[in-house]
Amino acid sequence: MTVLLGVGTIPGCFPNKQVEDDVKLRSDENVDQEILRVWEDGGDVALSEIVDTSFDDLMVFAEGARGEVVNDAAGFPLISGTYYTSSTQLFLLRAGGRAVDAIMVAADVFDHSSAQSVYDSTVRLVGVGGRELVQLRDG
1006 MTVLLGVGTI PGCFPNKQVE DDVKLRSDEN VDQEILRVWE DGGDVALSEI VDTSFDDLMV
1066 FAEGARGEVV NDAAGFPLIS GTYYTSSTQL FLLRAGGRAV DAIMVAADVF DHSSAQSVYD
1126 STVRLVGVGG RELVQLRDG
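Heads up: the sequence shown is residues 1006 to 1144, going by our numbering.
Here's what the structure looks like:
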């Protein structure tokens, strides 16, 4: 099985050009590498240790999440489409009830229960290794 962690341009998921916020949908090579490491080798790591952004909570959205729900969670128009159409999961990091980062990560390495969920700032990526599904758990 091949897992593609890099993300290209995705129609319907463009950041709204009128938003003055600096938050845009993006991929993060360091986050991708840590996810892959936990997926392959097991172990656990705090998300706060692998992102450069301070956050209060993490909201996870899967492909097909309603755009208005994502935008409401972000606190501003983050995506322009009716739905989040990327095959990646969206890690929406928030502080003070507003998005401070929006990282697109591989969906097929995570336990399906992680989608459409909210975690606090202590959230950890936990895996047993051997390419078994990774779980997200509050610390």
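Yeah, the Cβ is synthetic: ideal placement off N, Cα and C, and Gly gets one too.
State the start and end residues of the unbroken alpha helix (DSSP H) segment that holds residue i.
i	result
residue 1053	1052-1055
residue 1065	Premise fails: residue 1065 lies in the beta strand (DSSP E), 1062-1066, not in any alpha helix (DSSP H).
residue 1108	Segment 1103-1110 is the beta strand (DSSP E) holding residue 1108; no alpha helix (DSSP H) there.
Return the CA-CA distance between residue i and residue j, expressed in angstroms with no decimal places.
i	j	result
residue 1110	residue 1035	11 Å
residue 1085	residue 1058	24 Å
residue 1124	residue 1134	22 Å
residue 1021	residue 1049	Low confidence applies here, because residue 1021 scores a pLDDT of 39, under 50, leaving its location unreliable and the question unanswered by this model.
residue 1116	residue 1047	14 Å
residue 1136	residue 1092	19 Å
residue 1074	residue 1082	10 Å
Would you check if the distance between the CB atom of residue i and the CB atom of residue j is smaller than 9 Å?
i	j	result
residue 1139	residue 1040	yes
residue 1043	residue 1130	yes
residue 1067	residue 1112	yes
residue 1128	residue 1051	yes
residue 1070	residue 1095	yes
residue 1126	residue 1061	yes
residue 1102	residue 1087	no
What does a CB cutoff of less than 6 Å around residue i pick up in its chain, not counting 5 residues either side in sequence?
i	result
residue 1028	1104, 1107
residue 1119	1065, 1141
residue 1144	1127, 1129
Assign residue i to one of two classes, buried (16 or more other C-beta atoms within 10 Å of its C-beta) or exposed (fewer than that).
i	result
residue 1079	buried
Does the ligand PLP have even one heavy atom less than 8 Å from the beta-carbon of residue i?
i	result
residue 1062	In the structure on display, the ligand PLP does not appear, and there are no ligands present to speak of.
If you follow the beta strand (DSSP E) that residue i is in, where does it begin and where does it stop?
i	result
residue 1134	Here residue 1134 belongs to no beta strand (DSSP E), and DSSP marks it neither H nor E.
residue 1123	1122-1125
Return the chain-ordered list of same chain residues with a C-beta closer than 7 Å to the C-beta of residue i, the five sequence neighbours on each side being excluded.
i	result
residue 1053	1126
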